[in-house]
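Below: one structure, written as structure tokens.
2 protein chains.
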Amino acid sequence: MDRFLSNAVNRIDAKGRVSVPAHFRAVLQKRGYQELYALGALDVPAVDMGGLDLLDRYEARIGAEDPFLQAADDMSFFCHGDGAFVKVDTEGRMTVPDFIREHTGITTEVAFVGRGQFFQVWEPGRFASHRHEVRARLLKLRQELSAQTRALDPSGGVA
Amino acid sequence: MDRFLSNAVNRIDAKGRVSVPAHFRAVLQKRGYQELYALGALDVPAVDMGGLDLLDRYEARIGAEDPFLQAADDMSFFCHGDGAFVKVDTEGRMTVPDFIREHTGITTEVAFVGRGQFFQVWEPGRFASHRHEVRARLLKLRQELSAQTRALDPSGGVA
DNA sequence: CCAATTCCCATTGACGCCCATGAAGTCCCA
DNA sequence: TGGGACTTCATGGGCGTCAATGGGAATTGG
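In the order they appear, the protein sequences are chains A and B.
Per the working numbering, the first sequence runs over residues 207 to 365.
Per the working numbering, the second sequence runs over residues 207 to 365.
Here you go:
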């Protein structure tokens, strides 16, 4: 297994630590990352987390912009100033920093959600809501499309 | 880690000193700089700080300009005349000079903001405001772009 | 000689490292 | 196929180390 998949909810202990799911840790180790890069998502109360490759991808994107325009400055301010490194201890736990709690609303439990090349952390309740929203949007999209084409439904369907 | 990342707010003591975040100090040491070069940002109430390489980059930028144009003269006047060196003591603290206080509005607390190749100092309140502005601009930019490309979304995904 | 700055030491609070415990899952064997 | 032993993992807590901060002493410059 080489990508972040499925989801799990873990509890934050009295010292503010939470176990990163063993499966995610295995992916990180396989890719050679001991430290996590974390960045609050733009439009949802979630924080994206992943290896340094996540930051590299943002920096590559910045490199494509004219460095004297505001867009490049904004992007750097966002991914460097708003991002952070998060350490994972020898037991596979990370301490949840304040900016993650503020951005996500996390207090006592953390929902880890695999996203392929990275994963997200959510407040469990908000994650459940968002999941339903996404499902509803996809269902609607599929119904709209199937009136014209079967593109989203190669065999039995997405849902 | 070899770049300035994440942000932290530290307090100025009675003598006007403030601790440079340990992570930033580690980056400076790795690059071999004991002294900081500081220059007030043009369009925001922040001061850019970094090693001598920061000044080098500014000078390289000046060198790219036609020396007969006023722009080159202005740039040189600005980054040499308005820039300053800031010392870091044995404890990793710097004294906040007056021009930084005036340009940023800093009084009792300093927000250190990583920017990759350099970092910035802000008054914490203004930093928070600017952060929200940047996020709003990027969100808008992303929505405009997503009609054509998913470049800002590392997943390239639906959500 | 005074004032500002720098160096040194002390405190405290946060964080990383270690060990322990209990629950859940897996594998093997009868 | 069912049960038991082993492994893995999430979680809790003690302890040492380091960083941020405060204050005093020494040094330097005007």
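From the three backbone atoms N, C-alpha and C, an ideal C-beta is built for every residue, glycine too.
- Rounded to whole angstroms, B:D295 and B:E308 show a C-alpha spacing of 23 Å.
- Within the segment 240 to 284 of chain A, the complete beta strand (DSSP E) runs of at least 3 residues fall at 241 to 246, 253 to 256.
- Cβ proximity to chain B below 8 Å picks out Q276, A277, D280, M281, S282, F283, F284, H286, G287, D288, G289, A290, F291 from the segment 272 to 297 of chain A.
- Between A:A290 and B:N213, the gap from beta carbon to beta carbon is short of 9 Å.
- Put simply, the segment 253 to 262 of chain A touches the segment 236 to 244 of chain A. At least three CB pairs are less than 8 Å apart.
- B:A220 and A:G287 have their C-alpha atoms some 28 Å from each other.
- Excluding five sequence positions before and after A:I268, the CB atoms of its chain that fall closer than 7 Å to its own CB belong to A278, M281, S282, given in chain order.
- Not a single CB atom of chain A sits nearer than 9 Å to the CB of B:L260.
- Close partners of B:N216 in chain A (Cβ separation under 8 Å) are lacking, with about 15 Å as the shortest Cβ gap.
- The CB of A:D249 comes closer than 7 Å to the CB of L345 in chain B, given here in chain order.
- The bridge partners DSSP lists for A:V224 are A:M300.
- B:V316: not part of any alpha helix (DSSP H); member of the beta strand (DSSP E) spanning 315 to 320, first to last residue.
- Residues of the same chain with a CB within less than 8 Å of the CB of A:F230, apart from the 5 flanking positions on each side, are F210, F318, G320, F325 in chain order.
- When DSSP states are grouped into helix, strand and coil, B:Q235 belongs to the helix group.
- For B:F210, the neighbours in chain A by C-beta distance under 8 Å run, in chain order, H286.
- In summary, A:F333 is buried, with 16 or more beta-carbon neighbours lying within 10 Å of its beta-carbon over all protein chains present.
- Counted as a single uninterrupted DSSP element, the beta strand (DSSP E) harbouring A:R217 occupies residues 213 to 217.
- Under the 10 Å beta carbon count, B:R337 is surrounded by 16 or more other beta carbons and is classified as buried.
- Between the alpha carbons of B:R348 and A:F284 lies a gap of roughly 13 Å.
- Residue pairing for B:A290: DSSP places it in a beta bridge opposite B:A244.
- The C-beta distance from B:I218 to B:V327 rounds to 11 Å, too long to meet the 8 Å contact threshold.
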